[in-house]
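The block underneath contains the structure these notes are about, expressed in structure tokens.
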Amino acid sequence: MKGNRTEPAIAPPGHDVPAGFFSQDVVTVARGLIGITLLVNGVGGPIAETEAYDAADPASHSYRGRSARNGSVFGPPGYAYVYRSYGIHWCLNLVCGAEVGGAVLIRALQPINGVDVMAERRGTTDLRVLCSGPGRLCQALGIDGTFDGRPLDQSPFNLAGISLTSIQAGPRIGITRGKETLWRFWLAGSPFVSRPVRASRKAKTPR
DNA sequence: GTATCGATGATCT
DNA sequence: GATCATCGATACC
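What the first sequence shows, in our numbering, is residues 80 to 286, in sequence order.
Below is the structure:
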């Protein structure tokens, strides 16, 4: 694994994420974002699930170098990288890392602010599926390709709050390479992650 | 409950 | 032509 690391830079409740936060390594940022509230035009909530990617990672869009799609990942930290997934969905990354080519995919958040708006955009009032998944989250927050390359410390984005410590790690979702790298992070026990981890429910052999 | 598959289009080989 | 950092519907257990 990655061994010891310094504590992620965190923001006090109601305060902006500090400058320099996104210049830390991608794993530190991915972990540090759990619990940070992400708002887009005032709509969103605390981040519940993230994944880290960097340029040395075969699962990363930046692995094969710069292209028309991934230009934002090769820009400075603290900007959005938004791409279309499977021709249908949008996915939001936050460009970050100590090296060029890093980003954190925002996979899920707890819907708190603007729930009615999110429900209308998603076509459901089921809180569990409003923002649980990168495509769902972008639909709920109104994120599309026009958000690519925009700075995260300015409107319509707002990032604030405090990162949490009850974080679990595991393999990333939907990739074919880099599966062994445990760079998916989520808030332990959160029902809003894209794939809830059902622990200790052994229906097979109940004593 | 889990498993599989089609949609849909840009990107990559 | 193949591959996707996905989702939702459907089939099956």
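The C-beta atom is built at its ideal place from N, Cα and C for all residues, glycine as well. Please read all numbers here as calculations on a predicted model, not as lab measurements.
By the criterion of a C-beta distance shorter than 8 Å, R207 is surrounded in its chain by P270 and F271, once the five residues flanking it on both sides are discounted. Cβ atoms of L266 and I113 come within 8 Å of each other, at about 5 Å. A check of alpha carbon separations from F100 across G123, G257 and L238 identifies L238 as the nearest. When Cβ pairs closer than 8 Å are counted between the two stretches, the stretch 192-200 is seen not to touch the stretch 164-182, the count staying below three. Membership of G240 in the beta strand (DSSP E) is indicated by the continuous run F236 to G240.
Relative to Q233, the option among A98, G214 and Q103 whose CA is nearest is A98. Nearest neighbour of D136 by Cα position, chosen from P91, V183, W169 and V122, turns out to be V183. Around the CB of T204, fewer than 16 other CB atoms lie within 10 Å, so the residue is classed as exposed. In this structure G221 is in contact with N120, their Cβ atoms being roughly 7 Å apart against a cut-off of 8 Å.
Assignment of F271 by DSSP, reduced to helix, strand and coil, places it in the coil class. Here the alpha carbon of W262 sits roughly 18 Å from the alpha carbon of Y160. Uninterrupted beta strand (DSSP E) stretches at least 3 residues long and entirely within the stretch 105-129 occur at 115-119, given in chain order.
Counting along the chain, G249 sits inside the beta strand (DSSP E) bounded by residues I246 to G249. Counting along the chain, the unbroken alpha helix (DSSP H) around L220 starts and ends at P213 to L220.
Taken through DSSP and simplified to helix, strand or coil, D95 comes out as strand. At the C-beta level, G240 and W169 stay beyond 8 Å of one another. According to the DSSP secondary-structure assignment, P230 is paired through a beta bridge with Y158. Residue environment for G123: buried (at least 16 other C-beta atoms within 10 angstroms of its C-beta). In the assembly as shown, D223 is an exposed residue. Its beta-carbon has fewer than 16 other beta-carbons within 10 Å. In this structure V179 is not in contact with A147, their Cβ atoms being roughly 17 Å apart against a cut-off of 8 Å. Selection Q218, S139, E128 and G253 evaluated against I167 yields Q218 as nearest (Cα-Cα). The distance from the Cβ of G181 to that of V96 is about 16 Å, inconsistent with a contact at the 8 Å cut-off.
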